[in-house]
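These notes concern the structure reproduced below.
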Amino acid sequence: MEQKKNLCAQIPLSLHEQVSEAREAAGQTTSEYVTNLLIEYFNLQKNGGNQIMANNSTRTMAFQIPETLFQRIKAHLERETQRTGKKYTQREFVLGLIEEALNEAERLASEESSQTTGEANDSPCEATTPEVEDLPPEKP
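With positions in the sequence shown counted from 1, the corresponding number in our numbering is that position plus 245.
Written out as structure tokens, the structure reads:
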């Protein structure tokens with residue numbers, strides 16, 4: 246095991262609270278969390294600012310959008326940041342929209358698939374035979 250040495254630094258209270266929340270969410274000790282942050286930072290510096298994922302589980306999407314749309318997105322992000330008190334990033338916004346759209350598309354595809362499967366199981370007689378309640382009343 247590598248030797249360890251204490252690192253002590255005064256940081257703004259707001260930053261300390263942010264670090265504490267993130268550390269708790271990660272389920273790590275302060276020492277583990279700060280160590281991982283520093284390792285990540287120095288790896289980022291080594292790689293010219295490009296994050297390299299160990300298992301290549303992420304991909305990059307890049308596209309251009311009109312300036313007016315970009316400004317609308319920025320305004321929305323600022324409003325959400327003000328409303329929630331937590332910085333709302335472009336990445337969070339776009340990933341949320343993509344997830345929402347894909348979930349809806351998959352739900353619709355699943356419904357269409359089950360409807361098609363359900364119709365295929367009906368025999369021709371079942372598909373055209375009206376229910377008793379659907380028949381007009383008999384005239385006396």
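Just so it is clear, CB atoms sit at the ideal spot from N, CA and C, and this is done for glycine as well. The model shown is predicted, which means the values in this text are computed figures rather than measured ones.
{"Item": "Same chain only: Cβ atoms within 6 Å of Val279, ignoring 5 sequence neighbours per side", "Value": "none"}
{"Item": "Proximity of Ile318 and Phe338 at Cβ, strictly below 8 Å", "Value": "yes"}
{"Item": "Short Cβ contact (8 Å threshold) for Leu322 with Tyr333", "Value": "yes"}
{"Item": "Residue environment, Ser368, which counts as buried when at least 16 other CB atoms sit within 10 Å", "Value": "Residue confidence for Ser368 is low, a pLDDT of 48 falling below 50, so the modelled location carries little weight; the figure read from the coordinates is stated next. Looking at its Cβ environment, which holds fewer than 16 other Cβ atoms inside 10 Å, Ser368 is exposed."}
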